[in-house]
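The structure appears below as structure tokens.
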Ligand SMILES: [Zn+2]
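Numbering (this note's numbering), first residue to last: 228 to 678.
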């Protein structure tokens with residue numbers, strides 16, 4: 228709208244002829260899509276219901292159990308769902324789009340044009356699986372988000388974190404044994420310039436957070452404890468002091484957003500929460516006491532299951548030491564999910580699966596990986612309305628602030644899928660996306676139509 232107003236003003240200023248003014252002010256008609264004959268899963272309701280949904284531009288304009296009459300039928304595409312399910316697009320809460328390579332060593336032999344080209348293709352594939360938003364929790368995906376918004380390439384909405392922030396010898400410190408420290412001698416490597424900031428002490432942490440925000444991060448990712456894929460930090464290591472955490476959480480809060488931390492153990496999780504962190508990523512080794520603390524402080528538990536079911540082939544890049552760490556985390560998963568269920572923790576749906584194309588494609592298995600603990604209906608809500616609420620934690624930095632995501636209601640973004648079958652009853656139908664996903668719409672635009 229603003230664009231046309233500016234055009235009109237320009238036209239009026241430059242050319243005083245009234246006919247030119249009139250021609251310039253006529254905005255093109257808004258395209259509409261009317262979904263008829265669909266059973267709606269709205270993101271939160273436990274049952275499907277028959278309704279019609281009208282999309283105007285990129286937003287949902289009407290949801291009605293009665294038939295909708297459109298005023299501008301010339302600009303309206305009518306889609307007859309023939310009784311299939313209409314649901315919100317799937318949201319991924321934890322991925323790393325800029326890691327289309329199996330491990331950090333690849334960054335020594337593949338330059339940023341390779342990484343960006345491969346990441347662009349994987350991002351397109353995400354959308355074509357019906358995943359319409361990805362929360363990118365570490366890596367320089369701001370440019371990718373921008374290229375998608377500019378229409379240069381296609382993909383989901385992206386909530387980028389920019390580089391992760393971690394301490395020397397922490398989980399973000401992916402150097403090999405002989406590599407120099409990027410801050411101690413003059414040393415540049417794209418990984419430490421773009422993907423991971425090594426920062427020690429409150430002042431460096433503050434600067435790192437502010438730099439990530441300057442680059443366009445909408446939430447901040449900090450490494451708070453040992454990790455699997457880094458080489459020199461045991462899982463039990465607690466990373467960052469209370470002062471360093473506060474430097475991070477205060478710098479993020481000053482820009483209206485929050486800090487999420489990578490952490491597995493009670494010590495790491497509790498220290499992070501006590502110093503203002505709002506989201507725990509992973510957390511598989513948490514205890515019942517910690518679950519209670521999370522309820523009390525309204526902390527989000529952004530955990531993943533399928534990544535712990537990966538095949539030996541998918542994990543072949545891990546050293547024996549790293550495999551030992553991976554198994555330790557895997558052993559904690561069952562207890563964690565039982566606690567999440569018992570305490571009704573705020574549990575988004577995410578995968579943390581990236582690297583090869585086959586790995587990215589296996590993100591869809593996260594649906595069935597959660598079935599030992601949750602019903603199809605519960606998992607479906609995690610992947611839609613719960614994730615939508617989770618993304619809104621970005622507050623004033625929310626890159627998509629005009630309406631909610633993950634729900635079907637008036638005023639929500641038009642990210643919609645038509646699927647064969649009822650995912651509330653059987654979530655696994657979303658895994659066979661090629662067959663069961665008939666329509667994929669993002670931001671009011673249809674990217675796949677198999678009807
Ligand atoms: Zn991750």
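For every residue, glycine included, the Cβ atom is placed at its ideal position computed from N, Cα and C.
Would you list, in sequence order, the uninterrupted alpha helix (DSSP H) runs of no fewer than 4 residues that lie entirely inside the stretch 421-451? 428-442
Using only alpha-carbon positions, find the residue among 398, 439 and 651 that is nearest to residue 508. 398
Supposed contact pair residue 611 and residue 633 - C-beta distance, whole angstroms, cut 8 Å: 4 Å
Please confirm if the stretch 563-571 is in contact with the stretch 333-344, defined as three or more CB-CB distances below 8 Å between the two stretches. no
Under 7 Å, CB to nearest heavy atom of ligand 1: contacting residues: 321, 323, 364, 365, 489, 508 and 579
To test your reading of the DSSP string, which unbroken beta strand (DSSP E) runs of 3 or more residues are found completely within the stretch 314-364? 317-322 and 358-363
Please state the DSSP three-state secondary structure of residue 303. strand
Quick check on residue 484: buried or exposed, where buried means 16 or more other Cβ atoms within 10 Å of its Cβ? buried
How many angstroms separate the CA atom of residue 288 from the CA atom of residue 281? 6 Å
Answer with buried or exposed for residue 298, where buried requires no fewer than 16 other C-beta atoms within 10 angstroms of its C-beta. exposed
Taking residue 510 as the reference, give the member of 473, 527 and 283 with the closest Cα. 527
Check the DSSP bridge columns for residue 664 and list the partner residues they point to. 646
Just checking, does the stretch 424-433 make contact with the stretch 602-620 on the three C-beta pairs under 8 Å criterion? no
Residues that residue 676 bridges to, as DSSP identifies them: 666
Secondary structure of residue 266, DSSP reduced to three states: strand
Helix, strand or coil, according to DSSP, for residue 522 in the structure here? helix
Between the CA atoms of residue 557 and residue 652 - distance to the nearest angstrom: 27 Å
Residue 435 and residue 392: beta carbons closer than 8 Å? yes
Proximal residues to residue 401 (C-beta, below 7 Å), its chain only, five neighbours per side dropped: 331, 418, 423 and 457
Is residue 446 near ligand 3, going by C-beta to nearest heavy atom under 7 Å? This structure does not include ligand 3; its bound ligands are ligand 1.
What did DSSP end up calling residue 379 once you bin it into helix, strand or coil? coil
Three or more beta-carbon pairs under 8 Å between the stretch 404-415 and the stretch 369-389, yes or no? no
Give the secondary structure of residue 600 by DSSP, where H, G and I count as helix, E and B as strand, and everything else as coil. coil
Note down the Cα distance separating residue 661 from residue 367, rounded to an integer number of angstroms. 29 Å
Ignoring anything shorter than 3 residues, give me the beta strand (DSSP E) runs that lie fully in the stretch 514-588, in order along the chain. 527-529
Inter-residue spacing [alpha-carbon to alpha-carbon] between residue 576 and residue 615: 10 Å
Hey, out of 359, 311 and 307, whose CA is closest to residue 669's CA? 359
DSSP three-state label for residue 653, please. coil
Please list, in chain order, all residues of the same chain as residue 535 whose beta carbon is under 6 Å from its beta carbon, the five residues on each side excluded. 557 and 560
Contact between the stretch 293-308 and the stretch 344-359 is defined here as three or more beta-carbon pairs at a separation below 8 Å; is this criterion met? no
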